[in-house]
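> Count the sequence shown with the working numbering and you get residues 8 to 142, in order.
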Amino acid sequence: MSKVKSLADLRKMRDELQTKVSLREKSDHPDKLVQVKVSMATCGIASGAKEVMNHMIEEMDRQAIDAIVTQTGCMGYCYAEPTIEVTLPNSAPVVFGHVDNKKANEIIEKYIIRGELVDGIIPVNYETVKENKNE
Numbered sequence: 008m009s010k011v012k013s014l015a016d017l018r019k020m021r022d023e024l025q026t027k028v029s030l031r032e033k034s035d036h037p038d039k040l041v042q043v044k045v046s047m048a049t050c051g052i053a054s055g056a057k058e059v060m061n062h063m064i065e066e067m068d069r070q071a072i073d074a075i076v077t078q079t080g081c082m083g084y085c086y087a088e089p090t091i092e093v094t095l096p097n098s099a100p101v102v103f104g105h106v107d108n109k110k111a112n113e114i115i116e117k118y119i120i121r122g123e124l125v126d127g128i129i130p131v132n133y134e135t136v137k138e139n140k141n142e
């Protein structure tokens, strides 16, 4: 973080932080926004979840994606940390595991913006096609 040398520097820093906070706390209509929950239990933090969360906040702000980015506790997927849960408007949540900054970029570009599934989904969160038993 840079040193504050003037009132203008302090105001600039405040504005930047307010933008980041608003991405985390827009809660008037969360069902109409992309919701990202980053697992920040001890195992997630040790695996880099804090850096992933900061990266997602910055990247979604840079791309002007209307989203809420929050932290949550343990999701129960310690083996796949860092994990994030992404809920698109009117969609079921999808959990992604082993998320680093590169994977976060892919999730933003492909899943959040274009609605395309990407590798890294933790299987218990998606439904499979059921076999037709009439055949």
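Even for Gly, the Cβ is constructed at its ideal location relative to N, Cα and C.
Assign V45 to one of three DSSP states: helix, strand, or coil.
If DSSP states are grouped into helix, strand and coil, V45 belongs with the strands.
> Please tell me whether V102 and E92 are closer than 7 Å, where the distance is taken between their beta carbons.
Taking 7 Å as the Cβ cut-off, V102 and E92 qualify as a contacting pair.
> Out of N61, E123 and I115, state which residue places its alpha-carbon closest to the alpha-carbon of Q78.
That would be N61, whose Cα lies nearest to the Cα of Q78.
> Under 7 Å Cβ to Cβ from D126, same chain only, skipping five residues before and after it: list those, please.
Correct list: empty, nothing qualifies.
> Under a Cβ-count criterion, where at least 16 other Cβ atoms within 10 Å of its own Cβ denotes burial, should S46 be classed as buried or exposed?
So S46 ends up on the buried side.
> Between the C-alpha atoms of I40 and S98, what's the straight-line distance to the nearest angstrom?
First, the amino acid is wrong: residue 40 is Leu here, not Ile. So the alpha carbons of these two residues sit roughly 11 Å apart.
> Where does Y84 land, buried or exposed, given buried means 16+ other C-beta within 10 angstroms?
That one is buried.
> With DSSP run on the structure shown, which of helix, strand or coil describes A53?
Note: A53 maps to helix in three-state DSSP.
> Could you tell me the boundaries of the alpha helix (DSSP H) in which A111 lies?
Taken as a continuous stretch (DSSP letters only), the alpha helix (DSSP H) holding A111 covers N108 to E113.
> For the beta strand (DSSP E) containing A74, name the first residue and the last one.
Here the beta strand (DSSP E) through A74 covers A74 to T79.
> Using a threshold of 7 Å, state whether the C-beta atoms of A56 and P89 are closer than that.
Contact flag set, yes.
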